[in-house]
């Protein structure tokens, strides 16, 4: 099944039914009064979080959804039938955004959570509603109101406690295979993960946490290069980040340089995400001698000016992974206890989470805008180079003086 984490759809609520104009007609009853009924309300559309779904692929090809229209009113004061509400099921962790205004309509973070995205139209009134002592035979009715219509953008962010961050082939997929039952693809040749993977890590019988592996970042990812930037948003809801660094890269590059690339791209994407609790995990230690291992650990720590926790592991041989998993579980438990006991700490984390969401959405929207401009052949002011300026136009003294301003 293909992993889809962003889709655009159009939703249209049902229109309200029209009111009916009718008069009572029965034998032996003269001058029967009005008896036209009201129409029915139009159906609304709801988003419902479903824990059995893990992708938005159902909305990849079906993009338009219409709720049922309300029935018209009938004679003998019969009210029209209300249109059926339409429920669209989405994975837990889906954010619903108005595509026109970029307003966040709602965030579905719990299974069974229900969110109305468009409301059905109000019913029209029948002529019975307009009778009075001075208007015995009203011929007024009202039509049903049209239902709301919206273009929506659905964004899925996987819900995980721990997020893995690193360059391609840093060993993230191998790590998640070694500590959980997840089976992402790994091989003895270089390649990168294409979709996020989730794994449940069981520390004790009743203790576990969820870990997310996203496609690796490359240098220039914050400017749209590679795949990882599209999936960095999945780390926005994690509680802790593990920065995996390959200690023995195949191309014999510097692990310190690789670690620095990730930190720089993370800062460009979202400075607030860089404030999230982050641990440094140096992988593939089994491929180095002890002296060389210590030297490379020292080099990475000094280059990053790292003051946080440092773990040296070998994911493929499970060396150091159990200790790391237990420390993560302990940190998550302590964090939960502090959140319950310290309201100020909870407010601080909530404010950080909101900043991460806002920065991530702004960054991804800017990349989408750049791609749209390139497709239409229009250049952004930031993409204009010196070769794009027409020297003949600048030196033309016959016409009005034109002053070009570049930001």
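Residue numbers (this note's numbering): 245 to 651. Ideal Cβ placement from N, Cα and C applies to all residues, glycine included. All values reported here derive from a predicted model rather than from experimental measurement.
Helix, strand or coil for residue i, going by three-state DSSP, please let me know.
| i | result |
| --- | --- |
| residue 487 | strand |
| residue 341 | strand |
| residue 591 | helix |
| residue 321 | coil |
| residue 618 | helix |
| residue 259 | coil |
| residue 264 | coil |
Which two residues bound the contiguous alpha helix (DSSP H) that contains residue i?
| i | result |
| --- | --- |
| residue 569 | 565-585 |
Between which two residues does the beta strand (DSSP E) holding residue i run?
| i | result |
| --- | --- |
| residue 335 | 330-335 |
| residue 348 | 348-352 |
| residue 457 | 451-457 |
| residue 253 | 250-256 |
| residue 358 | 358-362 |
Kindly list the residues whose CB is nearer than 7 Å to the CB of residue i, restricted to its own chain and excluding five residues on each side of it in sequence; keep chain order.
| i | result |
| --- | --- |
| residue 575 | 484 |
| residue 573 | 447, 451, 453 |
| residue 384 | 371, 374 |
| residue 303 | 251, 253, 398 |
| residue 312 | 258, 287, 327, 328 |
| residue 269 | 276 |
| residue 647 | Only weak support is given to the placement of residue 647: the predicted model assigns it a pLDDT of 49, under 50, and the value that follows is read from those uncertain coordinates. There are no such residues. |
Skipping 5 residues on each side, what residues in its chain have a beta carbon closer than 8 Å to that of residue i?
| i | result |
| --- | --- |
| residue 578 | none |
| residue 254 | 307, 308, 309, 393, 394, 395, 396 |
| residue 603 | 513, 514, 515, 516, 517 |
| residue 593 | 583 |
| residue 530 | 558, 560, 561, 563 |
| residue 511 | 518 |
Among residues of its own chain, excluding the 5 on either side of residue i, which ones have a beta-carbon nearer than 6 Å to its beta-carbon?
| i | result |
| --- | --- |
| residue 266 | 279, 280, 319 |
| residue 543 | 500 |
| residue 583 | 590 |
| residue 422 | 559, 562, 565 |
| residue 293 | 336, 352, 355, 357 |
| residue 262 | 283, 316, 368, 387, 388 |
| residue 350 | 340, 359 |
| residue 424 | 443, 444, 445 |
Does any residue of chain D have a CB that is nearer than 8 Å to the CB of residue i?
| i | result |
| --- | --- |
| residue 274 | Absence of chain D from the displayed structure is noted, only one protein chain being present. |
Check: Any contact of the segment 476-493 with the segment 374-385, i.e. 3+ C-beta pairs under 8 Å?
Finding: no
Check: Which full runs of the alpha helix (DSSP H) of 4+ residues lie inside the segment 481-548, going along the chain?
Finding: 499-513, 534-548
Checklist line | Entirely enclosed beta strand (DSSP E) segments - the segment 368-441, minimum 3 residues | finding: 393-400, 406-409
Margin query: Suppose only complete runs of 3+ residues qualify. What are the beta strand (DSSP E) ranges in the segment 269-307, listed by chain order?
Written below: 289-294
Checklist line | Validate contact between the segment 338-356 and the segment 302-311 using beta carbons, cut 8 Å, 3 pairs | finding: no
Note to self: So, does the segment 528-536 touch the segment 504-512, judging by three or more C-beta pairs under 8 Å?
What the structure shows: no
Item checked: Touching by the beta-carbon criterion (3+ pairs, under 8 Å), the segment 398-414 and the segment 250-263 -> yes
Notebook entry, point to check: With a cut-off of 8 Å, do at least 3 Cβ pairs link the segment 409-423 to the segment 279-296?
Noted result: no
Margin query: Taking 8 Å as the cut-off, does the segment 517-533 touch the segment 543-554 (at least 3 CB pairs, one atom from each stretch)?
Written below: yes
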